[in-house]
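A short worksheet on the structure shown next.
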Amino acid sequence: MPFYGGEELATVYDEALDEGFGLIASNIAEPNIMMGLMEGADRMDSDLLLQMSGGACRFAGDGDAVAGLKAMGNYIETIAERYDIGVFLNMDHQTDLEFIEQQIELDIPSSIMIDASHEPFDENVATSREVVEMVEAADSDVLIEAELGQIKGVEDEIEAEEAFYTDPEQAVEFVDKTGADLLAISVGTQHGVAKGKDLELRPDLAQDIRQALRDHGLDTPLVLHGSSGVQPDQLQEMLKHGICKVNKDTRYQYEYTRTAYDLYSEDPNAIVPPEGVEDARDTFFNETEWSPNKDVFDPRVVGRDIRERIADVHAGLTEVSGSAGQSLFK
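Just remember that this note's numbering sits 53 ahead of the position in the sequence shown, which is counted from 1.
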């Protein structure tokens, strides 16, 4: 079935809050990871939240972010029709208001994350509120996620050298003033490659934020960014406190490259000439006795391996996050 909009996604988050599970929000920039994620989610009967950053859109569109969003949006919708789960698309870490306005006009994403967390509080509120008002003016059902507090690391060219924990009472003020549908909080995770044992995670802070919001009548789903190094027990502890969306990107990037590396490392002579043979790739080895093995170098070979590995990884993550068996769209 085609992927859904914000209204349907909101029902998934409501269910996640009630049942105590989270959606793994999985970043993509090209089709192999996307198709692997769909296979893994379908296998586990879990609804699927895909994500694209501005950089991923530019990559998919050969430098044109709008073209990339259109191309991947069509690709996602076409492939999603093969599966009996809900498939959604979130735009991750958006900072370009003009591009955000185009996304709303195109009505492709289910949700958009406006990231003004690097700005002072009042400016963050103003920018986040402006995006919410864009959605309201367009009479769109796109959900808006905003972030309060900074997460250390680099995400889509946005770099933060320090982490700033989210203050619970400030979180209440932020959600109240912006009208954001979801709130990304900073509780000690880190973008990029990180070891879970080295992360100073604060599940107690997530609990305090959740409680402060509820005390003010705000049942806002919380979001955990920078979770690639978070271990299963750490993640499950966070899910007890209103975390309904958990971002994964770096893990899939590593699995993509590691899968390709493992395949080509098994028989390097299928790809690269052995010692003593001229590397005559420009003439495609017409004058050498050695030739590369198409059964190995055909991109479809490694592409299938990548899809299978991504499917296995995502299937495991749905079990950890509790979304396995929870699809609302079977």
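Yeah, the Cβ is synthetic: ideal placement off N, Cα and C, and Gly gets one too.
Practice problem: Could you name each continuous beta strand (DSSP E) segment of 3 residues or more that falls completely within the segment 87-169, going from the start of the chain to the end? | Solution: Fully enclosed beta strand (DSSP E) runs of 3 or longer: 101-106, 140-147 and 164-167.
Self-check item: 6 Å Cβ shell around Ser376 - same chain, five flanking residues per side excluded
Solution: Phe74, Leu76 and Ser99
Quiz item: Mapping DSSP to helix, strand and coil, what is Ile77?
Solution: In the structure shown, Ile77 sits in a strand (DSSP, three-state: E or B).
Exercise. Take Glu130 as the anchor and find which of Leu142, Pro274 and Gly89 has the nearest alpha-carbon.
Key: Taking only the C-alpha atoms, the option nearest Glu130 is Leu142.
Self-check item: 7 Å Cβ shell around Lys408 - same chain, five flanking residues per side excluded
Solution: Look at the range of the chain in this structure, 54 to 383, and you will see that residue 408 is not part of it.
Quiz item: Would you say Val140 reaches chain B, if we count a Cβ-Cβ gap shorter than 9 Å as a contact?
Solution: No chain B is present in this structure, which holds just one protein chain.
Quiz item: Anyone know if the C-beta pair for Ala199 and Asp168 falls short of 9 Å?
Solution: yes
Self-check item: Continuous alpha helix (DSSP H) assignments of at least 4 residues falling wholly in the segment 261-293
Solution: Counting only runs of 4 or more, we get 285-292.
Quiz item: Once you ignore the five residues that flank Arg360 on each side, which residues in its own chain have a CB closer than 6 Å to its CB?
Solution: Same-chain partners within the cutoff: Asn85, Met88 and Gly89.
Quiz item: In terms of alpha-carbon separation, which member of Glu319, Gln379, Asp145 and Val184 lies closest to Leu301?
Solution: As written in the sequence, residue 301 is Lys, which differs from the Leu given in the question. The residue with the shortest Cα to Cα distance from Lys301 is Asp145.
Exercise. Let me know if Ala190 comes out buried or exposed under the rule of 16 or more other beta-carbons within 10 Å of its beta-carbon.
Key: exposed
Quiz item: Once you ignore the five residues that flank Thr64 on each side, which residues in its own chain have a CB closer than 7 Å to its CB?
Solution: Leu381
Quiz item: What did DSSP end up calling Ala368 once you bin it into helix, strand or coil?
Solution: helix
Quiz item: Cβ atoms of Leu122 and Ile161: under 9 Å apart, would you say?
Solution: yes
Quiz item: Are Gly378 and Ser193 closer than 9 Å when you measure CB to CB?
Solution: no
Quiz item: Anyone know if the C-beta pair for Tyr317 and Ile363 falls short of 9 Å?
Solution: Not in contact: Tyr317 and Ile363 (Cβ atoms no closer than 9 Å).
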